[in-house]
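Here my numbering is used: the first residue of the sequence shown is 277, the next is one more, and so on.
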Amino acid sequence: MNIDETRLRLDYALDALAVAFQGMTAHPDERQCDCHWGSAEELTLLKTADVELDADLLNRTWQTTDWGHRAAVLRRVLPQFATALVSGSIHPVSPLGNAGSVFAAGEWQQWPAPQARAVWEFLHAWWAHTLNDAHPAVPAHEVLVVCTEAACTLTPWLSVWEQQRHPTANQHLAETLDVWEYDLLMDELPWRTGRDEDDAEKTRVELTTWMIRHAPARLRAQHASEHLLHAVRLLGLTGPDRWYDPHWSVPPYPA
């Protein structure tokens, strides 16, 4: 697919979300603290179908984690939330929480099949379009985090990236490694996850293994710096072999 085709696919996916979740509301018994979250009038809006929320209310709603009926709240805001994610008006990986974890907490994969399919297609369409867009509204590494945390698996997204071997996808790979180099070389997952330690470690190993296997040739094709090429090579070393390598130099922690 070229960028126009992936944009069309993404637009269709967003439209499908709007159809699948039309008429959704928060649970009638849902409660929230008016001191810390918002007013009773705003809560009433969440219990009213198909009324657009202002950006501030949308952000406070998805970032709040103590809803009594989280799945219902997510279904209520999902079409608008997804559109905001794509536009970059919501920062996916923020100090207030990860947008992907919001999907996971809503247990969307257990929803009725048409709704679950709509969410799955949205995530895939967004990722495919990002890999084909040289200047996406949200950096590829952040979209990857959202998709991974939403689906509780890294595998399908890396599979798509593996198939997308054009220069734009390769450039996103170089940029991602540049951002995540420190954490990967310190054997840490480069983002905060809501999953348990075992899952996080499995994800880190899968990501590192994929980088070792697929990044070198693609980085060379992209004329990436020698520094990044050595970083990938160092990922394939462990313990003293890595630390005493002539090119080992832990980069400064990103600001």
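Think of the CB as a built atom: it goes at the ideal place given N, C-alpha and C, for glycine as much as any other residue.
- Item | Assigned exposure category for Glu425 - 16 Cβ within 10 Å defines buried | Within the sequence shown, residue 425 is the residue found at index 149, counting from 1. Flag for Glu425 reads buried.
- Would you check if the distance between the CB atom of His405 and the CB atom of Thr282 is smaller than 7 Å? As a working note, residue 405 is residue 129 in the sequence shown. As a working note, residue 282 is residue 6 in the sequence shown. The answer is yes: Cβ separation under 7 Å.
- Please list, in chain order, all residues of the same chain as Leu350 whose beta carbon is under 6 Å from its beta carbon, the five residues on each side excluded. Stepping through the sequence shown from its first residue, residue 350 is reached at position 74. For Leu350, where only same-chain residues beyond five positions count, the Cβ hits under 6 Å are Gly382.
- Message: Quick check: what's the CA-CA separation for Tyr288 versus Ile488?
- Response: Stepping through the sequence shown from its first residue, residue 288 is reached at position 12. Stepping through the sequence shown from its first residue, residue 488 is reached at position 212. Rounded to the nearest angstrom, the two C-alpha atoms are 35 Å apart.
- Rounded to whole angstroms, what's the CA-CA distance from Leu372 to Leu504? Just pull it up for me. Here the question's residue 372 lines up with position 96 in the sequence shown. Here the question's residue 504 lines up with position 228 in the sequence shown. Only weak support is given to the placement of Leu372: the predicted model assigns it a pLDDT of 47, under 50, and the question is left unresolved by the model.
- Buried or exposed for Trp519, please, with buried defined as at least 16 other CB atoms from any protein chain shown within 10 angstroms of its CB. Numbered from 1 along the sequence shown, position 243 holds the residue referred to as residue 519. It counts as exposed.
- Message: Do Trp384 and Ala394 have their beta-carbon atoms positioned less than 7 Å apart in this structure?
- Response: Mapped onto the sequence shown, residue 394 falls at position 118. Mapped onto the sequence shown, residue 384 falls at position 108. No.
- Query: What are the boundary residues of the alpha helix (DSSP H) that includes Lys323?
  - Reply: As a position in the sequence shown, residue 323 is number 47, starting the count at 1. Note, Lys323: premise wrong, no alpha helix (DSSP H); not H, not E.
- In terms of residue numbering, what span does the alpha helix (DSSP H) encompassing Arg471 cover? For the purposes of this step, residue 471 is taken as residue 195 along the sequence shown, with counting starting at 1. From DSSP, Arg471 is part of no alpha helix (DSSP H); its letter is neither H nor E.
- 7 Å Cβ cutoff met for Val419 and Trp403: As a first step, residue 419 is located in the sequence shown; it is residue number 143 there, counting from the start. As a first step, residue 403 is located in the sequence shown; it is residue number 127 there, counting from the start. Yes.
- Query: What is the DSSP secondary structure of Val481, counted as helix, strand or coil?
  - Reply: Locating residue 481 in the sequence shown gives position 205, counting from the first residue. Helix.
- Query: Where do the ends of the alpha helix (DSSP H) carrying Thr237 lie?
  - Reply: Outside the displayed range of the chain (277 to 531) lies residue 237, so it cannot be described from this structure.
- Could you tell me which residues DSSP puts in a beta bridge with Asn374? In the sequence shown, residue 374 corresponds to position 98, counting from 1. For Asn374, which the question treats as bridged, DSSP gives the partners Val369.
- Would you check if there are 3 or more beta carbon pairs closer than 8 Å linking the region 356 to 367 to the region 304 to 323? In short, these stretches do not touch, since the Cβ pair count stays below three.
- Out of Gln386, Asp472, Glu451, Val327, which has the shortest C-alpha to C-alpha gap to His532? Residue 532 lies beyond the stretch modelled for the chain, which goes from 277 to 531, so this question has no answer here.
- Hey, quick one: how far does the alpha helix (DSSP H) through Gly515 stretch, first residue to last? Here residue 515 corresponds to residue number 239 of the sequence shown, with the count starting at 1. Here the alpha helix (DSSP H) through Gly515 covers 515 to 519.
- Message: Which residue wins for smallest C-alpha separation from Leu293, given the options Ala316, Trp396, Val327?
- Response: As a position in the sequence shown, residue 293 is number 17, starting the count at 1. Of the candidates Ala316, Trp396, Val327, the one whose C-alpha sits nearest the C-alpha of Leu293 is Trp396.
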